[in-house]
Amino acid sequence: MTNLIEMLKISKAFGGSVALRGVSLTLEPGSVHALMGENGAGKSTLMKILAGVHQPDSGEIYKNGHRISFANPRDALAFGISTVFQELSLLPNMTIAENLFLGREPVNRLGFVDRKHMRLHTREALAKLGLTLDPNMLVSELSIAERQFVEIAHGIDADASIFILDEPTAALNATDVEVLNAHIRRLRDEGKAIVYISHRMEEIFNVCDTVTVLKDGQLVGTRPLSEMTPGSLIAMMVGRELEDLFPARAGAFGDVALEIEHLKLEATSKPLSISVRKGEIVALAGLEGQGQQKVLRALVGEYSPFSGSVTIKGKTIRLPLSKEAGIRQMQASSVAFVPEDRKDEGLFLGLSLAHNLSTSLHSSRNELSRAQGFADVIASTLRSMNVKAANARMPVGSLSGGNQQKILLGRYFATKADLLLIEEPTRGVDIGAKSEIYKLLRAFAEGGGAVLVLSRETLELIGLCDRIYVIHGDTVVTQMQAAEATEHNILDAALSA
Amino acid sequence: EVKLLDGVTTPSENNPTVEAGKYKKDAPWVIGMSSFGVNANTWTVQVAHEAEAAAARDKRITKFVLLDAGFDQKKQVADIEDLIAQKVDAIIIQPVTSTSADASIEKAVAAGIPVVLHTGRIESDAFTTEIQGGAEHFGKVMGDFLVKELNGKGNIWVLRGLAGHPEDTNRYNGLVESLKGTDIKIAAEENGDWQYDKAKKVCETLYLNDPNVDGIWSSGADMTRACVDVFKQFGAAIPPISGEGNNGFFGQWIKDNFKSVSSEYSPAQGAAGIRAAVALLEGKELKKHYAYNPPGWDLEKAKTYYREDLSANVWWPSELSEDQLKEFYSKQ
Amino acid sequence: MGRGSRQGLWALPLILAVLMSFFLAFATAQFANSGNLSNLVAQGMPLMITAIGQMFVVLVGGLDLSVGSVVSFTTAILALDAPAYVVLPAVFILAGVIGFINGFCITRLKVHPIIATLSMQYVVLGITRILRPVSGGSIPEFVTASVAGSIAGIPMPVIWGVVTIAIAWKLLYGSRYGLHIFAIGGGVAAGSTEAARNFGIPARRNIMLAYVISALFAALAGVFLAGRIVSGDPNVGLLMELDAITAVAIGGTQLSGGVGSLQGTVIGVVVLGLLSNGMNLMNVTPFVQTAVKGILLMLVVALQSRKKIGL
Amino acid sequence: MSAFLNSSLTQRISKIPPSYYLCAILLLILWIARPQMLNVNVLGVFIRQVVPLGLLVLGQLLVMRVKSIDLSGGGVILLINYGISSGMFPNTSLGFYVVAALATGLLIGLFNGYMIAKRRASAVIVTLALSIVLIGFVQYLSSGKPPGDVPPIFTDLFNTRFVGVPSPVIFWVAMTALMSAFLGYTVFGKFVTSVGENMRAAHFSGVPVERTVILAHTIAGLIAAIAALVQTGSIAVGSVRVGLDLPILSVAATILGGVVFGRGEGGVWGPFFGVLCFAFLFVVMTMFGIGEPGKLVAQGLIILLAAIFYGLRSSDTQS
Ligand SMILES: Nc1ncnc2c1ncn2[C@@H]1O[C@H](COP(=O)(O)OP(=O)(O)OP(=O)(O)O)[C@@H](O)[C@H]1O
Ligand SMILES: Nc1ncnc2c1ncn2[C@@H]1O[C@H](COP(=O)(O)OP(=O)(O)OP(=O)(O)O)[C@@H](O)[C@H]1O
Ligand SMILES: [Mg+2]
Ligand SMILES: [Mg+2]
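Residue numbers (the numbering used here), protein chains in the order written: chain S, 37 to 533; chain D, 107 to 438; chain L, 120 to 430; chain B, -17 to 301.
Below, the structure is given as structure tokens:
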């Protein structure tokens, strides 16, 4: 059997920081190759080199023994390498169909873009992924999960022999992941080579054949997955066995910290009520787009519900809140909101870690007051979050995806809020860091804080939380103690509603 | 014989007659005027006021339409076309450039509307009659003054107006004319855009670069004031410098008593244009070309016009009534 | 909906243009007569052509401040003492070169569009003033004839307008290039040129082409203007770039890139044209015309409330 | 580690905005060609010429850092100049003029900010339109009463010197230092940086985005009013027209100084030197007797070359 692609002794440094040191990787047709490693291990960098985004400092890439190199993504694509990048990169002002065909639009004899063909094909491609979106919708109007799907559709729709999927499932829930896995298997069966990057252990074991582990930019090893167990894989990545992913739950809770009453998300939806007590971590679970996010965002004015009220530490506020002032109003009552979309809503990619970490501290103060350095807060956050970064002056955009997520969380932890509203606490975070974030959240609750969290990873919700509300059709259909919840009964509740 | 303005003469050569009665029309009349730029500077504002005042004085003119091209050729073409569309009885034009309005002037005349031109020549002769203060003459009056003061030799600075403006080029040509055959050299030549601030910048730079200068040819009053201020600021003697008929400059001239001449270029040309249009509509005989080449003013003449109680921005000579002068220009 | 929301807010200026037309038709006797209407087309044409070119650059998130100078430059070249078959191709070649240099400096040498095109504005204006210090010269017969008169009862300026719009329409909506223009602009507005390049779009080449298109359209406007003023003039295009940008923005095109439309740009030009023609016909004194223009502009943008804060 | 330090040093050097070395080169040319000119007295006079522009730039860079732009400076200057020179307010003191001018600037800036931040109108068009309205307003007023003389106190103040340096220059430097400190040491400065980088993210971290944009524009309006007072002092006479190119020049100087929409690598001093470049460029070209067309060509090429040099250097050190 010929090796489709060989990457030999690839090294790459950014400025002074080395991202890859002599990493080799062999991709075979008809197989799914998992690439694993902690945040900042160099997975994305390695794949960006294969995709023509970066040029290696040293090392070579061969296809069937012939040396190849790409000056830019277009060359790589033309060569048959299609990539779903980790950071969502669709163009917001273009429709789904246009995004799908960008760079390879069909034209008719007169040079006109064949929109009809694009539309039909797009509808098909989306249908294969189980989606019924209108191909003429602008991407800016899609939810983040829908965007991720379009991104995937774009990647796997290409006429390519090598597919790179860099954390494609970070914004997807379990059922969606299964749809994607079916596709990956189909591509594999067609003889394509697939690189699959994910921090979710179960996915790796579900679809992949081989795994390569990177650590600190160096190759740890490549093994067939049939020889591995989750435990041994984690040990290979982290260098030790991870005993407990989730910390122990709390026993007793304090007063009610957050009380949502008679919240009608839409004029026609059934009112819902939710309460969170001090010391408690409460989750909103459910299928994609059923209203969980609207509940959370209604609390900060980002979504305008039809009616309702919220009581925070005894103070009642009528909803909807103003979009402009909602966040600040909540901040003033020591409530922090962590948005899910770290690239667009979360981080200042071009600014330093220090700036990113300290913005919320600054924003609670008067404009004309003196700006503080917050050096100690920044240092302790970097330490407690275990951020892999050379120093606090480097731009956040140059961090790996997972480390970016840590910075985002760190910003809101630093505000000393006592109620956290979190969307996706561990999106794209490696398993070691996940465990640390869970511990931080639990410690926060134990210190008297309350947490309302939203996640697409059902296992995470079960393990992390105390209580779970299942949301369907813009209302709460049931609530359960996390200790008694299973993936099955949550899904059951969500579906049978 | 129609009297248009003091100092206006009729050149004898190549000067056809506009036959009597050709454009005769019964009153009331609507007269249109296309200005190259009403708000270009205080002089152009005054031209507009002089024209409006003259039109208001004649009760047979029921409507006077003043349009402003704002130094934009395209807009002037459009303005003239709009006036034709409104079927005005006569059009007065201050052309933005010597060619840009030609086509639309031809259109107006073809539509039977007489066209009076002033404060700017054009290359075509499609218009009906024109009153032109020779810009060359204006520049030459200033040039001759310098030649006389310097006894035909020395170094001068030249402060020009707006680059690319025909008025600037023609005034400059007048200077070149008077320098012919003398030993006067142009040591520096800069555009001050007829503006106080730009001219001041230029003069400061020139002075600091090389303060030795025997005379200054300045093509506008605000520039003269700026340059004189620069010399005063550096405590230097003010060399002979040319100026024009502006109240602010006159005040400075009288107070500091330096050597200067004032070229005359009356804003009342605005009124003269109205009088020419009226004469045509009355059916009087006019000449095609009227020249406005008055001699320069000396300090004594300036003193007779200078008005302490009025602001710097009145231009002399003016036909505005005492009331209007007070209304527009009274100090504080 | 689909493409609708990428086209910017052009419905409001359209309504405004219609209202203004009705108002003028009733309030003044001359507005609706054919003479005035064809004047209106001819008066607005140079601005329309330049604004359409400018729109391409704005859509990729740039700005072209050099178009006014290119217009003047074109009239100066046309007024050189040379036959039409020499000067006519020459103006387009030279404009192409100017656009190329703009685009090259911006995409390859990483110069900010405002700096690159402002510098170009100075350079081209300087060269124009050397070529033709004051207005004058004569324009080839062919050019003057092409803007005057009519063919089969259709006035020449109308034909110019239709042809220009058709070319722009084909470029923007009838080709891959047009789609890429929007894609690149969308990326730039969202913060990176790389976004479109990651899709394999030759972003920098396409941006460069937008500047070439802008310059070529400016040259076309210059040819039209030269035919109308029948001479070369170093100042004829002065400040035209600001009018062009204003027209583009009134038409709902966002200056941050990626959102806008051809019809919007044309409507923007119509609004500006109706404004100055209307005020002339209504005999609004020149001392308040400027203020009225400003207030109306302000009204248009105030009512076009967008999602984004900024340019 | 040392490699890292080295690279961060080269990176920092490559980020020096073009205005710094363009300024250095121009001074070098002056020093070679006219060494006698390089003294405080002479340079002070040259620098004083660009003080109004320099002040305007302080406001411009502020709004550009929140991804906006202010083209209304021309109108503000004209209106204030008219208000002072037309004699509309007889028998008033300097203090009255200053307060009235500042209030005017403040209101205009506030209006710009409101339209841009709250109404989400296009900044280019709003500020341009406002400038046109203001210019139109002055033209309307001047049809009833053309502008006249500026009270002599303005010119007198403008011409004062302090230890040999013209006071307007000292004032400008002080204002620049103040702005630099304001942006560097206050929470507002942090807000400006955040808003410029990513408005959504700023909003989600609790930065009052709209208020920041409004405040930036208000300050810019205030500064434009100050620029207007200085400009009025420098021309001593009323005017009905002011260069529309002043706001565009202020944008150019700001970019030359390393500040682009949303990013502020050049800080406040980069644009400061950008303005100095314009001053020295004019002096050098006048010195060499370059005519108006040549000046335009040279000015364009020099600015372009400086920007190209900068662009190439900073892209070398990337990736
Ligand atoms: N453009 C860049 N400039 C500077 N440093 C970079 C850049 N891109 C990546 N790095 C650095 O290279 C290292 C590897 O990053 P990479 O994105 O490959 O990690 P990763 O394995 O994909 O991590 P994650 O799982 O968090 O996505 C990190 O330390 C990161 O900071
Ligand atoms: N991220 C990058 N940073 C710097 N240079 C890059 C980058 N990506 C690609 N390049 C270089 O830029 C060149 C052109 O890139 P690209 O093809 O994306 O631009 P383009 O507009 O298509 O230009 P062309 O007309 O050359 O195709 C390539 O040769 C490549 O080496
Ligand atoms: Mg990664
Ligand atoms: Mg390429």
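Even glycine gets a Cβ: it sits at the ideal position worked out from N, Cα and C.
Only residues of its own chain outside the window of five on either side were considered, and among them G351, Y411 have a CB closer than 6 Å to the CB of W422(D), listed in chain order. Boundaries of the alpha helix (DSSP H) harbouring N158(L): 153 to 178, taken from the DSSP string. With contacts defined as CB atoms closer than 8 Å, G138(D) and V194(D) qualify as a contacting pair. The beta carbon of L223(S) lies closer than 7 Å to those of I192, F199, I230 in the same chain, with the five residues before and after it left out. Remark: the shortest separation between the CB of S434(S) and any heavy atom of ligand 1 falls under 7 Å. Non-local C-beta neighbours of K48(S) in its own chain, meaning closer than 7 Å and more than five positions away in sequence, comprise A55, L56, T81, I85, H90, P92, D93, ordered along the chain. Within a 10 Å sphere around the beta-carbon of I135(B) sit fewer than 16 other beta-carbons, which makes this residue exposed. Just so you know, the alpha carbons of N135(S) and V179(L) end up roughly 17 Å apart. Here DSSP, grouped into helix, strand and coil, assigns M139(D) to strand. Between W300(D) and D328(D), the CB-CB gap stays under 8 Å.
Taking the Cα positions, H391(S) is about 10 Å away from H398(S). Its chain contains L250, K251 as the residues whose beta carbon lies nearer than 6 Å to that of A77(S), once the 5 sequence neighbours on both sides are disregarded; these appear in chain order.
Look at S188(L): its beta carbon is at least 7 Å from all of the heavy atoms in ligand 1.
Taking the beta carbon of E242(D) as reference, no residue of chain L falls within 8 Å; the closest one sits roughly 13 Å away. Under DSSP, K351(S) forms a beta bridge with I348(S). Within the model, the alpha-carbon separation for P17(B) versus D335(D) is close to 26 Å.
Distances from the CA of A234(B) to each of H231(L), V216(L), I326(L) were compared; the closest alpha carbon is that of H231(L). Cβ neighbours of D362(D) within its own chain (closer than 6 Å, five residues either side excluded): none. Between the stretch 188 to 201 of chain L and the stretch 239 to 251 of chain L there are three or more inter-stretch CB-CB distances shorter than 8 Å, so the stretches are counted as touching. Here L184(L) is not near Q423(L), since their CB atoms are 8 Å or more apart. Along the stretch 101 to 135 of chain B, the positions whose C-beta sits under 7 Å from a C-beta of chain D are Q121, S124, K127, P128, P129, G130, D131, read in chain order. Three or more beta-carbon pairs drawn from the stretch 76 to 91 of chain B and the stretch 196 to 203 of chain B are found closer than 8 Å, and the two stretches are therefore classed as touching. In summary, the residues of the stretch 319 to 331 of chain L whose CB is separated from some CB of chain S by less than 9 Å are G319, I320, P321, in the order they occur in the chain.
Here the alpha carbon of L156(L) sits roughly 20 Å from the alpha carbon of Q179(D). Checking the 7 Å criterion, the Cβ of K427(L) is out of range of every heavy atom belonging to ligand 1.
Taking the Cα positions, I208(B) is about 22 Å away from V174(B). Relative to ligand 1, N317(L) has its C-beta separated by 7 Å or more from all heavy atoms. Cβ neighbours of W129(L) within its own chain (closer than 7 Å, five residues either side excluded): G370, G371, S380, Q382, G383, I386. Counting only Cβ-Cβ distances below 9 Å, T268(B) has contacts in chain D at A294, E296, K307, V308, T311, L312, N315, in chain order. Neighbours of K291(D) in chain B, taken as residues at a C-beta separation under 9 Å, are lacking, since the least C-beta distance is about 12 Å. Assignment of K127(B) by DSSP, reduced to helix, strand and coil, places it in the coil class. Between A315(L) and the set A285(L), V216(L), L298(L), the nearest pair of CA atoms involves L298(L). Taking all protein chains shown into account, E260(L) has fewer than 16 neighbouring C-beta atoms within 10 Å of its C-beta and is therefore exposed. Residue F449(S) holds the alpha-carbon nearest to the alpha-carbon of M421(S) among V432(S), F449(S), H508(S). Boundaries of the beta strand (DSSP E) harbouring K300(S): 292 to 300, taken from the DSSP string.
DSSP places K289(L) outside any beta strand (DSSP E); the residue lies instead in the alpha helix (DSSP H), whose first and last residues are 275 to 292.
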